[in-house]
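In this text, residue positions in the sequence shown follow the numbering used here: the first is 2, and each later residue adds one. Backbone N, C-alpha and C fix where the C-beta goes; we use that ideal spot for every residue, glycine too. Encoded as structure tokens, the structure appears first; notes follow it.
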Amino acid sequence: MDVVVVESPAKAKTINKYLGSGFKVLASFGHVRDLPAKDGSVRPDEDFAMDWSVDTASNKRLNEIAAAMKEADALILATDPDREGEAISWHVLEVLNKKKALKGKPVRRVVFNAITKKAVTEAMANPRDIDMPLVDAYLARRALDYLVGFTLSPVLWRKLPGARSAGRVQSVALRLVCDRESEIERFKPEEYWQIAAHLKTEGGQPFVARLTGFDGKRITKMDIGDGDHAATIKAMLESAAFTVESLEAKPQKRNPAPPFTTSTLQQAASAKLGFAPARTMQVAQRLYEGVDVGGETVGLITYMRTDGVQMAPEAITGARDAIAKEFGTNYLPESPRLYSTKAKNAQEAHEAIRPTDFMRTPSSVRGSLDGDQMKLYELIWKRGIASQMASAEMERTTVEIVAKGEGKTATLRATGSVVKFDGYLAAYTEHRDDMKTDAEEEDDSNRLPAMRTGEQPLREKIDATQHFTEPPPRYSEASLIKKMEELGIGRPSTYSATLTTLRDREYVKLDGKKLIPEAKGRLVTAFLEDFFSRYVEYDFTASLEEKLDDISAGKLNWKDVLRDFWQEFSAHVEETKELRITDVLDALNEQLEPLVFPPRPDGSDPRICPKCGTGKLSLKLGRYGSFVGCSNYPECNFTRQLGEEGPNGEAGDLSDGPKLLGTDPYTNEEITLRTGRFGPYVQRGDGKEAKRASLPKGWKVEDIDHEKALALLSLPRDIGQHPESGKMISAGIGRYGPFVLHDGVYANLESVEDVFTIGLNRAVTVLAEKVAKGPGRGRSTPAALKELGEHPEVGGPVTVRDGRYGPYVNHGKINATIPKNTDPMSVTLEDAVKLIAERAEKSGKKVGGAKAKKAPAKKKAPAKKKAAAKADG
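What follows is the structure in structure tokens.
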């Protein structure tokens with residue numbers, strides 16, 4: 002018997018079926034070791050020695066593998082076919098050697114790009130050794146990420162309180178988002194006018210021609226800059242006679258795009274399906290690992306982390322056979338299409354993402370896939386099949402028209418195109434960014450009517466429309482990944498994780514599909530650009546990626562690369578120890594001027610304090626982060642949160658300091674609306690004893706009036722005495738939202754408004770329902786949102802549920818929270834099992850329901866070390 006190690010239990014189950022009883026397939030559940038999140042895990046002074054730790058769950062897997070090796074003849078390492086997969090095999094082998102579990106038994110490494118019986122058996126027949134240059138590249142990347150994170154993050158804590166971390170790739174990705182925001186802030190719209198003539202042929206068919214020249218001068222998009230100029234041209238055209246001067250029809254071909262890479266799949270899934278990159282990768286992982294199709298578990302797509310665009314010869318043959326069957330032989334080009342990538346630093350070691358069998362059409366597997374899987378598989382199949390189809394044949398027609406009147410001459414052009422043969426478009430139409438150029442923007446939907454040279458079209462009307470240039474759009478997750486790929490920053494396996502880190506650090510937020518930098522993120526970027534500019538330069542980061550690629554190709558020694566980097570980087574960090582906070586603030590005030598000091602409508606100096614009129618506003622650093630304050634503090638206590646502005650250029654509409662809302666009818670104290678470092682609030686009276694209440698979530702500054710302020714300041718509100726106990730029931734807003742309280746029992750309310758309106762009868766009912774549900778969270782177990790299947794090790798159903806504090810996965814008595822920003826419906830069984838194992842380890846429970854000895858308390862690490870940035874890839 003041979004022991005085979007793969008990464009996931011789903012893959013283990015499928016491969017064991019293919020290999021049969023002579024093999025035992027075990028899962029490592031991803032990485033089995035990692036660098037501990039503490040200082041000293043990588044030691045440059047000891048020739049970059051690295052310490053690795055194994056958590057409890059991983060240790061269990063390794064012990065199972067070691068135990069299985071006692072009866073085994075050989076060890077076969079079959080982890081994923083990329084740098085990370087090679088590293089996992091190396092880690093497993095290192096640990097087994099330390100455990101002395103191999104005892105001279107042969108060790109082989111196999112890789113397969115698809116989980117099909119043919120791919121697996123062919124791989125098993127062609128084993129190799131572990132690729133140490135690939136492992137070295139992994140070690141170099143992991144060490145670099147650790148050293149940058151653990152060296153740079155403490156500098157941020159000291160010089161920029163509230164900042165959480167910096168990272169080698171993370172910080173450069175954040176800079177892209179922040180630079181785009183700065184472009185938008187600096188952008189000044191320019192006015193321009195476009196003129197179009199709505200004409201009819203002599204046969205009465207309408208069409209539109211656009212102005213291209215006037216009075217002997219060529220007219221481009223921005224040449225008509227004001228309404229007067231536009232009106233002059235419009236008046237001339239309204240009295241002009243039009244003549245068709247020339248007519249030209251040219252055949253054009255449009256070629257298909259290559260099959261998907263990781264980046265292009267994420268972009269297309271975002272544009273066409275609305276999937277976030279993380280969701281796309283989770284669904285793709287499941288399609289790769291295998292689903293039950295007709296009673297057989299089979300991988301439907303090839304490995305989904307790749308930047309290669311080529312397909313294996315047998316796959317191309319399969320695609321051509323499927324094209325002939327599904328579309329007809331006229332959709333086959335004479336010879337197969339071959340692709341090469343244009344992305345910077347691409348490694349074409351692996352195939353593109355494609356179906357494992359093109360004859361397995363989307364319609365044939367529809368009943369075996371859930372909604373997300375079906376959508377993504379169909380997208381991958383269509384793009385893959387289209388990549389080997391014939392070109393689309395178009396005919397583009399251009400009509401040049403001359404207009405004469407009032408002694409002047411104008412030229413106009415009408416264009417249109419028609420599809421003569423749809424070719425690959427019969428299978429797949431790219432999303433707009435892939436497909437259209439500016440010149441083609443209006444051609445695809447316009448077919449010009451028949452005309453002849455010398456014909457005199459009739460004028461229906463002349464349009465002169467005003468336009469303004471628009472700023473560049475904010476990045477979406479998909480377009481940011483595309484830009485990172487173009488620049489050579491990061492790798493396919495890191496894109497999604499990098500974006501998740503930026504959101505988790507609260508450096509960026511998603512507004513719809515657009516990435517908007519938070520004030521905290523812009524501060525970090527500005528700080529790094531001013532004091533660590535080299536390490537957030539796009540070219541520098543890309544060149545470091547090239548060196549990592551050279552390591553994997555055996556061209557560079559990984560420790561030489563680390564030495565070169567560390568020598569300069571550590572010296573630069575040492576220099577910042579002499580950096581004064583005032584130097585930091587001065588630099589940030591200048592670089593972030595549009596954010597920190599937005600222009601005021603009245604044109605006054607945005608840096609003059611709106612409260613005292615003499616102080617100068619500046620960034621301030623507090624314990625919990627940055628804010629804007631007055632230089633006359635403590636005489637003037639004006640503050641506002643960074644990045645929050647109102648109609649007058651300051652926080653909310655509080656540009657002149659606190660806003661008087663009225664007086665308290667019982668105490669005659671003034672009630673004011675204010676803003677502080679933690680956001681807007683209302684206050685009754687002055688001094689330390691003044692009553693204050695923060696605005697609840699969802700309440701806007703501009704909506705707060707005297708009545709609402711009084712209501713907030715009156716909390717907690719007495720509702721009435723409980724009819725049974727005689728004790729008072731009250732309502733208020735707490736840490737976990739609105740509630741009612743009676744005799745120590747809290748019951749949550751649905752909305753903030755309920756706090757002010759709920760009556761005694763309803764309050765008694767809500768409390769009774771809470772008591773009836775018993776202790777704990779006060780809720781019955783929610784119904785399962787999704788059944789994931791049986792636990793692969795101990796049995797029992799694993800489900801996704803939605804709880805009071807958000808979605809979680811459940812197995813027996815173990816509940817594990819699903820990470821923030823993860824779509825609960827995209828969680829796979831593998832994801833859930835890993836989350837459950839981690840939760841069981843932390844809580845001292847045992848997966849499967851049996852009692853476990855409580856895990857010994859871990860020594861607490863210093864707060865700063867605990868917050869250190871982990872690798873971002």
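A13 in three-state terms, based on DSSP: Looking up residue 13 in the sequence shown gives position 12. In the structure shown, A13 sits in a helix (DSSP, three-state: H, G or I).
Residue range of the unbroken alpha helix (DSSP H) whose run includes R84: Counting from 1 along the sequence shown, the entry for residue 84 is found at position 83. That run of the alpha helix (DSSP H) goes 84–99.
Option nearest N762 by Cα separation, candidates I730, P334, T244, F740: Position 761 of the sequence shown, counted from the start, is the residue given in the question as residue 762. Checked all of I730, P334, T244, F740; the closest Cα to N762 is I730.
Helix, strand or coil at E396 [DSSP, three-state]: Sequence index remark: in the sequence shown, residue 396 carries index 395 (1-based). In this structure, DSSP gives E396 an extended state, which the three-state scheme calls strand.
Cβ-Cβ distance between G489 and V509 below 8 Å: Within the sequence shown, numbered from 1, the residue matching residue 489 stands at position 488. Within the sequence shown, numbered from 1, the residue matching residue 509 stands at position 508. No, Cβ-Cβ distance for G489 and V509 is not below 8 Å.
Extent of the continuous alpha helix (DSSP H) to which D180 belongs: As a position in the sequence shown, residue 180 is number 179, starting the count at 1. Note, D180: alpha helix (DSSP H), 171–187.
CB-CB length for P134 against I552, believed under 8 Å: Counting from 1 along the sequence shown, the entry for residue 134 is found at position 133. Counting from 1 along the sequence shown, the entry for residue 552 is found at position 551. Right, the Cβ-Cβ distance comes to about 6 Å (below 8 Å), so this counts as a contact.
Paired residues, beta bridge with Q267 - DSSP: Taking the sequence shown and counting its residues from 1, the one referred to as residue 267 is at position 266. DSSP lists no partner for Q267.
Contact set for G567: own chain, Cβ-Cβ below 7 Å, skip 5 residues either direction: Taking the first residue of the sequence shown as position 1, residue 567 is located at position 566. The displayed chain sequence assigns Trp, not Gly, to residue 567. So the qualifying residues of the chain are P45, L148.
Option in K405, T307, M452 with minimal Cα separation from G417: Translated into positions along the sequence shown, residue 417 becomes position 416. Nearest C-alpha to G417: M452.
Per-residue burial, M312 [other beta carbons within 10 Å of its own, 16 or more giving buried]: Mapped onto the sequence shown, residue 312 falls at position 311. By the neighbour-count rule (16 or more Cβ atoms within 10 Å), M312 is buried.
Alpha-carbon to alpha-carbon, S264 and E349: Start at 1 with the first residue of the sequence shown, and residue 349 comes out as number 348. Start at 1 with the first residue of the sequence shown, and residue 264 comes out as number 263. Low confidence applies to E349: its pLDDT is 46, below 50, so where it sits in the model is not reliable enough to give any reading.
Secondary structure of R321, DSSP reduced to three states: Start at 1 with the first residue of the sequence shown, and residue 321 comes out as number 320. Three-state DSSP puts R321 in a helix.
Residues of its chain near M375, where Cβ-Cβ distance is below 8 Å and the 5 sequence neighbours each way are ignored: Residue mapping note: residue 375 aligns to position 374 of the sequence shown, counting from 1. Cβ neighbours of M375 beyond the five flanking positions: P363, V366, R367.
Three-state class that DSSP yields for K514 in the structure shown: Position 513 of the sequence shown, counting from 1, holds the residue named residue 514. Taken through DSSP and simplified to helix, strand or coil, K514 comes out as coil.
Own chain residues within Cβ distance below 7 Å of P356, not counting five before or after: Position 355 of the sequence shown, counted from the start, is the residue given in the question as residue 356. Hits under 7 Å: L301, I302, I381, W382, G385.
Nonlocal neighbours in the same chain, by C-beta distance under 6 Å from Y429, ignoring five residues either side: By 1-based counting over the sequence shown, the position of residue 429 is 428. Contacts found: K383, R384, A387.
Contact the region 389–396 vs the region 417–426: 3+ CB pairs below 8 Å: Flag = yes, the region 389–396 and the region 417–426 touch.
Span of the alpha helix (DSSP H) around S844: To locate residue 844, count along the sequence shown from 1; it is residue 843. In the DSSP assignment, S844 falls within the alpha helix (DSSP H) that extends over 830–844.
Endpoints, alpha helix (DSSP H) assigned at S544: For the purposes of this step, residue 544 is taken as the residue at position 543 of the sequence shown. Start and end: 539–553.
Three-state secondary structure assigned by DSSP to E487: Mapped onto the sequence shown, residue 487 falls at position 486. DSSP places E487 in helix when its eight states are reduced to three.
Residue from R448, R84, M2 with nearest C-alpha to P207: Position 206 of the sequence shown, counted from the start, is the residue given in the question as residue 207. Among R448, R84, M2, the Cα nearest to that of P207 belongs to R448.
V7 in three-state terms, based on DSSP: Along the sequence shown, read from residue 1 onward, the residue named residue 7 stands at position 6. Three-state result, V7: strand.
Same chain only: Cβ atoms within 8 Å of R414, ignoring 5 sequence neighbours per side: The residue given as residue 414 occupies position 413 in the sequence shown. The residues are A210, R211, T213, T399, V400, E401, I402.
At least 3 beta-carbon pairs within less than 8 Å: the region 19–32 vs the region 66–80: Contact between the region 19–32 and the region 66–80 is present, with at least three C-beta pairs closer than 8 Å.
For D464, the first and last residue of its enclosing beta strand (DSSP E): By one-based count along the sequence shown, residue 464 stands at place 463. That run of the beta strand (DSSP E) goes 459–469.
Bridge partner(s) assigned by DSSP for I1: Given a span of 2 to 874 for the chain in the structure shown, any question on residue 1 remains unanswerable.
DSSP-derived helix/strand/coil call for L20: Locating residue 20 in the sequence shown gives position 19, counting from the first residue. Correct three-state label for L20: helix.
The region 827–835 in contact with the region 272–289 per 3-pair CB rule at 8 Å: A contact exists between the region 827–835 and the region 272–289.
For V310, the first and last residue of its enclosing beta strand (DSSP E): The count along the sequence shown starts at 1 and reaches residue 310 at position 309. Segment: none, V310 is in no beta strand (DSSP E) and carries neither H nor E.
Helix, strand or coil at F276 [DSSP, three-state]: Taking the sequence shown and counting its residues from 1, one reaches residue 276 at position 275. Correct three-state label for F276: coil.
Strand pairing of E788, partner residues [DSSP]: By one-based count along the sequence shown, residue 788 stands at place 787. BP columns for E788 point to T800.
Collapsed DSSP secondary structure at P825 in the structure displayed: Start at 1 with the first residue of the sequence shown, and residue 825 comes out as number 824. Correct three-state label for P825: helix.
Whole-number beta carbon distance between F469 and E192, since they are thought to touch under 8 Å: Locating residue 192 in the sequence shown gives position 191, counting from the first residue. Locating residue 469 in the sequence shown gives position 468, counting from the first residue. Right, the Cβ-Cβ distance comes to about 6 Å (below 8 Å), so this counts as a contact.
Pick from T668, K701, L662, E547 that is closest to P681, judged by C-alpha positions: By 1-based counting over the sequence shown, the position of residue 681 is 680. It is K701 whose Cα lies nearest to the Cα of P681.
Extent of the continuous beta strand (DSSP E) run through V419: The residue labelled residue 419 in the question sits at position 418 within the sequence shown. From DSSP, the beta strand (DSSP E) with V419 extends over 409–422.
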